[in-house]
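**Student:** Line order of the protein sequences matches chains A and B.
Residues in the first sequence are numbered from 191 upward in steps of one, following the working numbering.
Residues in the second sequence are numbered from 112 upward in steps of one, following the working numbering.
Ideal Cβ placement from N, Cα and C applies to all residues, glycine included.
Can you read through this structure? Questions will come right after.
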Amino acid sequence: GAVVSQHPSRVICKSGTSVKIECRSLDFQATTMFWYRQFPKQSLMLMATSNEGSKATYEQGVEKDKFLINHASLTLSTLTVTSAHPEDSSFYICSARGGHEQFFGPGTRLTVL
Amino acid sequence: QQQVKQSPQSLIVQKGGISIINCAYENTAFDYFPWYQQFPGKGPALLIAIRPDVSEKKEGRFTISFNKSAKQFSLHIMDSQPGDSATYFCAASKKQAGTALIFGKGTTLSVSS
């Protein structure tokens, strides 16, 4: 299957700081990337759909000013958690769509102190 | 409204046994049904997927059975092994480009040796 990378894999930050997470499709071009959030022992919650060159579409209840998404190229999307707070601590996973199939990155564990 | 319902929530199977996980969907516009396997701290990995024009798809020890009229699909893991212990998610999506997967709530499988 296709490879999707995420960086960093783990990040610990202080409350009030911003954190950027990168998602790259390594061997295919993805016009659409998705960002999910997963709490322990729960399913993946779709946060937003990111299309290359246009504004992201956010799911209901997701603050677009807090979770900034940029899809600057066909292989890179970034999620910036602005002014992070402890309740933003979670596992963030991106995915990229190649044809009908959707491939996931390894995830980023964010811990906000 | 939960569009993809998955059961059971957890499953314990003896080594060599058959693991069966079921999903039901509501939206008849869905036309792609993948199963993902996720280990703790990792991103989901695509296991096997099916389109509604076939009733069964087999890859190694993994089989998807699909019942279009009942709007149900299931994953069967034959000869279950301890290494299969993971969380399994069913999902569904529409054909249109850029549409996200809708996930079930997941099933935690434990295969005892």
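Taking residue 266/A as part of the beta strand (DSSP E), name the residues at either end of that continuous run.
**Tutor:** Counting along the chain, the beta strand (DSSP E) containing residue 266/A begins and ends at 266 to 271.
**Student:** Looking at the structure shown, is residue 193/B part of a helix, part of a strand, or coil, going by DSSP?
**Tutor:** Of the three classes helix, strand and coil, the one that applies to residue 193/B here is helix, per DSSP.
**Student:** Pick out whichever of 240/A, 284/A, 234/A has its Cα sitting closest to the Cα of residue 221/A.
**Tutor:** Considering only alpha carbons, the answer is 240/A.
**Student:** State whether the stretch 161 to 170 of chain B contacts the stretch 208 to 215 of chain B, with contact taken as three or more CB pairs (one from each stretch) at a distance under 8 Å.
**Tutor:** They do not touch, by the three-pair rule.
**Student:** Pull the bridge partners of residue 234/A from the DSSP assignment, please.
**Tutor:** Paired residues: 228/A.
**Student:** Just verifying my parser: in three-state terms, what is the DSSP assignment at residue 142/B?
**Tutor:** Strand at residue 142/B.
**Student:** Note down, in chain order, all residues in the stretch 219 to 242 of chain A with a beta-carbon under 8 Å from any beta-carbon belonging to chain B.
**Tutor:** Of all residues in the stretch 219 to 242 of chain A, 221, 222, 224, 231, 232, 233, 234, 236, 239, 241 have a Cβ within less than 8 Å of some Cβ in chain B.
**Student:** When burial is assigned at 16 or more other CB atoms within 10 Å of the CB, is residue 145/B buried or exposed?
**Tutor:** Its Cβ being crowded by 16 or more others within 10 Å, residue 145/B is buried.
**Student:** From the beta carbon of residue 292/A, is the nearest beta carbon of chain B less than 8 Å away?
**Tutor:** Residue 292/A counts as touching chain B.
**Student:** Do residue 196/B and residue 220/B count as a contact pair if the criterion is CB distance below 8 Å?
**Tutor:** Yes, Cβ-Cβ distance for residue 220/B and residue 196/B is below 8 Å.
**Student:** Provide the residue span of the beta strand (DSSP E) that contains residue 283/A, from first to last.
**Tutor:** Unbroken beta strand (DSSP E) run through residue 283/A: 280 to 288.
**Student:** Going straight from the alpha carbon of residue 198/B to that of residue 297/A, what length do you get?
**Tutor:** So the two alpha carbons sit approximately 15 Å from each other.
**Student:** Flag residue 177/B as yes if its beta-carbon sits less than 8 Å from any beta-carbon of chain A, otherwise no.
**Tutor:** Residue 177/B does not count as touching chain A.
**Student:** Going straight from the alpha carbon of residue 290/A to that of residue 193/A, what length do you get?
**Tutor:** Whole-angstrom Cα-Cα distance: 15 Å.
**Student:** Any idea what DSSP makes of residue 291/A, helix, strand or coil?
**Tutor:** Here residue 291/A sits in strand by DSSP.
**Student:** Extract the residue ranges of the alpha helix (DSSP H) inside the stretch 153 to 221 of chain B, only unbroken runs of 4 or more that lie entirely within it.
**Tutor:** If we require 4 residues or more, the stretch 153 to 221 of chain B turns out to have no alpha helix (DSSP H) run fully inside it.
**Student:** Pull up the DSSP beta-bridge partners for residue 212/A, would you.
**Tutor:** DSSP, once it has assigned bridges, lists 197/A, 268/A as partnering residue 212/A.
**Student:** Should residue 295/A be flagged as near chain B, meaning a C-beta pair shorter than 8 Å?
**Tutor:** For residue 295/A, the answer is yes, since a Cβ of chain B falls inside 8 Å of its Cβ.
**Student:** When the Cα of residue 127/B is compared with those of 151/B, 138/B, 192/B, 173/B, which residue comes out closest?
**Tutor:** Residue 127/B has its Cα closest to that of 192/B, out of 151/B, 138/B, 192/B, 173/B.
**Student:** If we define contact as Cβ-Cβ less than 8 Å, is residue 214/B a contact residue for chain A?
**Tutor:** Yes, because at least one Cβ of chain A sits closer than 8 Å to the Cβ of residue 214/B.
**Student:** Taking the alpha carbon of residue 213/B as the point to measure from, which residue in 157/B, 222/B, 149/B, 201/B has its own alpha carbon closest?
**Tutor:** The candidate whose alpha carbon is nearest that of residue 213/B is 201/B.
**Student:** To which residues of the same chain is residue 217/A closer than 7 Å at the C-beta, ignoring the five residues directly before and after it?
**Tutor:** Closer than 7 Å at the Cβ level, and outside the excluded window around residue 217/A, lie 192, 193.
**Student:** How long is the line joining the alpha carbons of residue 201/A and residue 278/A, rounded to whole angstroms?
**Tutor:** Using only the alpha carbons, I get a separation of about 12 Å.
**Student:** Output needed in chain order: residues of the stretch 275 to 286 of chain A with a Cβ under 9 Å from some Cβ in chain B.
**Tutor:** The residues in question are 281, 283, 284, 285.
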